[in-house]
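Just so we're aligned: 103 in our numbering is position 103 of the sequence shown, and the numbers increase by one with no gaps anywhere. All C-beta atoms, glycine included, are put in the ideal place defined by N, C-alpha and C. What you are looking at is a predicted structure, and each value in this text was computed from that prediction instead of being measured. Working notes, structure below.
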Amino acid sequence: MKHILPLILLGAFFYSAPIFAQQVDEPGPHAVGWRDISFRDSHYGRGRVEGRIYYPAVSHGENQVADPSQGPFPLTGFMHGYIEPASDYDELCTHIASWGFVVMSNDTETGLLFVSMQSEAKDTRALMQWVEDQSQSSSSWLDGMTDNHPWSASGHSMGGGALSYLVNYESRVRTIVMLEPYQGSLLGGSSNGFNAFQSYDGNALIIGADEDLTNNYNSVVRPWFEQADNSRRRVWALLHGGDHFGSTDADIHALWGFGSLDGDEQHLAHRRLVLGFLLAEIKGEQNCYYDFTQTQHISLEGDTKAPPLWSFIDPSNSAQLILGSFGTPAWRLRIAGSMSTGSLNTIYGELGLDQSSMQIARDHVLGSSGWDEINVPIQPSWSGLTLYFQALSNHGTNGALSEITEVTIP
């Protein structure tokens, strides 16, 4: 690859301020309605299933009219923790929906006894299919809200462990977020789901908390990240000072939370990570990965077969660009830019930059976290131009090129 990429180093390692005028931990542009639903499953034999659905609406509140005018929207599922109803996660699910998602939150398997991760996963699949069916019906209040986009799902504790079964039952689920996930012999047992999880080839974010006394981050939660070594992208995020209930509503956390980090700060971190991952992987807004590096009290590790790339003008300093990516630790990362696009087939995929104007912005061996960002000074000659960027993460002949990103210089 050296003969393809001329070596001109432009910048040094740098972190800076958030990139969005509207932060991803703040409410999104959509008003959010919510409804409790109950129906008899006609696809998978699950009998009567129940859930709570959150969706972009004409105004905020219960049973408000859905607003498909900017849809259809991606469908994402949510699975609760042990004995916790869907209502314990109203704040997080409402937040996700406000950014242009339809969120189908499971409200089955909430009892004290005889509940299982397997049943929660099966019911969640039935709930999500119901949403897709209703969105295709002109007589339904959900008409036009979703349209068979790739699915995603998140889950807390028991629901986090249940994700390992959901991705096995339902191939449409391509992106998942495990929030302090359970692993063990209770709740139907996780061993079959855990073993099968090694085959999962979608995207996975696993969040642990270092003061979690329910699911120890090192012995219970971290193994899910290590098991996901066949995934397209996997991210490990450890919340320092966090407890087991950082994703729950404020009133629930006030009852059960005990971490040294304030509950509001814990919930903020969960909102940034969960929503940022969904926006990056489902909506292709990879600049949201920058929010990961700017989230306080978090340590990160990444690994990927397909390196992401974020690129933008630093809003706190208009004289510089911020470029970032993550890849497999100890692999070589290069980020290059050019004045126009091109096309060249390589062993790593298609190089989409113009070779005649291409310059290397970063040539670096990734550290133990796998994450890297740089600051690139904007040259006066770039004014009025659109610059194109692409990353390569490789170890010898193993590796891949990122998608092309572009930045227009005022």
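When the Cα of residue 281 is compared with those of 355, 149 and 348, which residue comes out closest? 149
So, at 6 Å on beta carbons, what are the nonlocal neighbours of residue 206 in its own chain, with the 5 sequence-adjacent residues on each side left out? 178, 224, 225 and 236
Nearest by alpha-carbon distance to residue 105: which of 87, 114 and 112 is it? 87
Report yes if the CB atom of residue 155 is closer than 9 Å to the CB atom of residue 142, and no otherwise. no
Per the contact definition of three or more C-beta pairs closer than 8 Å, is the region 214-233 in contact with the region 50-64? no
Beta-bridge partners of residue 364, as assigned by DSSP: 333
Whole-angstrom distance between residue 357 and residue 342, CA atom to CA atom: 10 Å
I'd like the span of the beta strand (DSSP E) that includes residue 29, first residue to last. It is not in any beta strand (DSSP E) - residue 29 carries neither H nor E in the DSSP assignment.
Could you check where the alpha helix (DSSP H) with residue 168 kicks off and where it finishes? 158-169
Where does residue 17 land, buried or exposed, given buried means 16+ other C-beta within 10 angstroms? With a pLDDT of 34 at residue 17, under the threshold of 50, the predicted position of this residue should be treated as unreliable, though the coordinate-derived value follows. By the 10 Å Cβ count, residue 17 comes out exposed.
Cβ contact (3+ pairs, closer than 8 Å) linking the region 257-268 and the region 207-215: yes
Using a Cβ-Cβ cut-off of 7 Å (strictly less than) and excluding sequence neighbours within five positions of residue 160, which residues of its own chain qualify? 178, 179, 180, 181 and 182
Taking only runs that begin and end inside the region 67-150, name each unbroken beta strand (DSSP E) of 3 or more residues, in chain order. 75-79 and 102-106
Out of 89, 59, 400 and 337, state which residue places its alpha-carbon closest to the alpha-carbon of residue 385. 337
Tell me whether the beta-carbon of residue 32 lies closer than 9 Å to the beta-carbon of residue 94. yes
Simplified DSSP assignment, three categories, for residue 398: strand
From this set, 227, 199, 241 and 198, which residue's C-alpha is nearest residue 209's C-alpha? 241
What is the residue span of the alpha helix (DSSP H) that residue 255 lies within? 250-256
Under a three-way DSSP split, which group does residue 313 fall into? strand
Per DSSP, what kind of secondary structure is residue 59 in: helix, strand or coil? coil
For the alpha helix (DSSP H) containing residue 191, name the first residue and the last one. 191-197
If the criterion is Cβ atoms closer than 9 Å, does the pair residue 404 and residue 353 meet it? yes
Nearest to residue 60 (by Cα), restricted to the options 41, 37 and 98: 98
Residues of its chain near residue 410, where Cβ-Cβ distance is below 6 Å and the 5 sequence neighbours each way are ignored: none
For residue 51, three-class secondary structure by DSSP: strand
To the nearest angstrom, report how far apart residue 38 and residue 382 are at their CA atoms. 57 Å
With a CB to CB cut of under 6 Å and the five nearest residues on each side skipped, what residues in its chain are close to residue 109? 115, 119 and 120
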